[in-house]
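Residue numbering for the sequence shown follows the working numbering, beginning at 17 and increasing consecutively. For glycine and all other residues, C-beta sits at the position ideal for the given N, C-alpha and C.
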Amino acid sequence: MAEYKHNHIIPKCLIRQWSTQHNNLNGVHAYEGDIRREYFSSDGGKKAFSFAIEKYFYVPKFNDQRIYQLEKWLSDVEGTFSFFIKALLQGVTGPILKTPEEYHKLLLGIFSMNTRTKYDIDRIKQFMLENPAIKRMVEMDEESDIEVAVLENMMNSTIELAREYNQCRIIVCKNESGNLILGDRPFLHKAVDGYSFLPLHPNFFISIIKAPGQDYTYLGNTESKMIHLLNQKIAENSHNWIIAKDPTQLKEYISFFHLPKNHVTPYFQPVEYLQHGYKLI
């Protein structure tokens with residue numbers, strides 16, 4: 017069995033879209049906020065993009081045994097997510113996923129970017145530790161420890177969002193300048209008038225909104241002012257790191273990364289689309 021030791025908080029298939037060459041190495045220009053350091057991170061080996069790795073983050077221990085189900089589930093939805101990005105890079109402008117099941121799996125991949133981050137999982141873990149009654153309402157197994165309960169909640173919340181947006185429009189927006197950045201919390205949920213945003217490549221991002229059907233829309237080049245505002249929001253929303261294709265561009269958004277963060281207290285509510293349970297968001 018694969019060990020699943022080095023867990024990427026944001027999947028490699030997404031980070032790799034920012035890969036470039038520097039001193040005969042392939043990798044990305046990264047900035048880590050905790051150590052206030054800019055550096056070039058290699059994309060090779062088991063520890064590729066080391067800034068995004070947390071050991072055993074999605075494979076907690078229960079009764080001295082590693083639980084691999086969540087990491088395998090994430091790997092599965094990442095496969096469809098990666099396929100979608102590759103199709104966009106190849107210039108596909110029609111429906112990419114042919115069945116409702118594939119479309120749903122893509123939505124799982126997209127919305128996992130809103131639930132799988134280290135910051136969000138850590139804050140929900142802390143909230144559960146301070147509110148044990150809430151933990152008992154969220155967890156599937158009353159005997160499970162806090163790490164398992166938090167990750168169960170992450171999966172539930174992702175599935176809930178994907179089902180909530182089963183009827184939606186995905187808008188693919190181009191950015192010919194190629195200067196979009198990426199951060200450790202890249203999904204901007206309902207950022208403008210109900211639209212959510214997610215960068216997929218330095219040259220394009222998607223916007224998603226609830227709408228009848230399962231539809232794709234392809235837009236031409238996005239104005240540079242919009243890209244700048246989007247990059248600001250991505251940097252402000254990040255808590256651990258940001259990356260860019262170019263080091264000069266990376267420097268431009270470090271100050272936005274260090275703006276005061278809006279620390280939102282989690283709250284819980286019954287699930288709407290699953291059969292039973294609660295979710296913490």
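Per DSSP, the bridge partner or partners of residue i
i: Y55; result: A46
i: Y232; result: I186
i: I222; result: V188 and L214
i: H24; result: I69
i: G61; result: Note: G61 sits in no beta bridge, so no partner.
i: N237; result: K190
i: K77; result: R82
Inter-residue spacing [alpha-carbon to alpha-carbon] between residue i and residue j
i: H38; j: S58; result: 9 Å
i: T281; j: S193; result: 37 Å
i: M17; j: I243; result: Because M17 carries a pLDDT of 48, less than 50, the predicted location of this residue cannot be relied on, and no value is offered for it.
i: Q183; j: G229; result: 5 Å
i: Y72; j: K241; result: 40 Å
i: E146; j: I162; result: 11 Å
i: Q265; j: N195; result: 7 Å
i: P286; j: T131; result: 17 Å
i: K267; j: K249; result: 15 Å
i: W34; j: Y289; result: 35 Å
i: H22; j: F65; result: 11 Å
i: A46; j: K261; result: 9 Å
i: K151; j: K121; result: 27 Å
i: V208; j: S223; result: 10 Å
i: E176; j: T36; result: 36 Å
For residue j and residue i, believed in contact at Cβ under 8 Å, the rounded distance
i: A178; j: F127; result: 5 Å
i: I83; j: P76; result: 6 Å
i: Y232; j: P111; result: 6 Å
i: Y181; j: L123; result: 6 Å
i: E94; j: G125; result: 6 Å
i: I140; j: N169; result: 6 Å
i: Y269; j: I259; result: With 8 Å as the limit, Y269 and I259 do not qualify as a contact, their Cβ atoms being about 10 Å apart.
i: A149; j: R185; result: Their Cβ separation, rounded to whole angstroms, is 39 Å, which puts A149 and R185 out of contact at 8 Å.
Residue i versus the options, residue with shortest Cα-Cα distance
i: F273; options: I25, F78, I51 and Y72; result: I51
i: K63; options: P27, A149 and D136; result: P27
i: K102; options: S271, L30, Y181 and E176; result: L30
i: N237; options: N247, A251, A227 and F221; result: F221
i: T109; options: P263, E252, Y234 and Y55; result: Y234
i: Y135; options: I175, S223, P202 and Y47; result: P202
i: A251; options: Y283, L214 and S173; result: L214
i: Q81; options: V164, G125 and K190; result: V164
i: S212; options: S254, H255 and I225; result: I225
i: I197; options: V44, G107, L104 and L167; result: V44
Residue i beta carbon near the ligand HEM (any heavy atom closer than 7 Å)
i: F56; result: Summarising the ligand content, the structure contains no ligands, and the ligand HEM is consequently not present.
Which whole runs of the beta strand (DSSP E) in the segment 92 to 170 are 3 residues long or more, in chain order? As far as the segment 92 to 170 is concerned, it has no whole beta strand (DSSP E) run of at least 3 residues.
What are the complete beta strand (DSSP E) segments, minimum 3 residues, inside the segment 242 to 266? When DSSP assignments are scanned along the segment 242 to 266, the uninterrupted stretches of beta strand (DSSP E) that are 3 or more residues long and fall wholly within it turn out to be 257 to 260.
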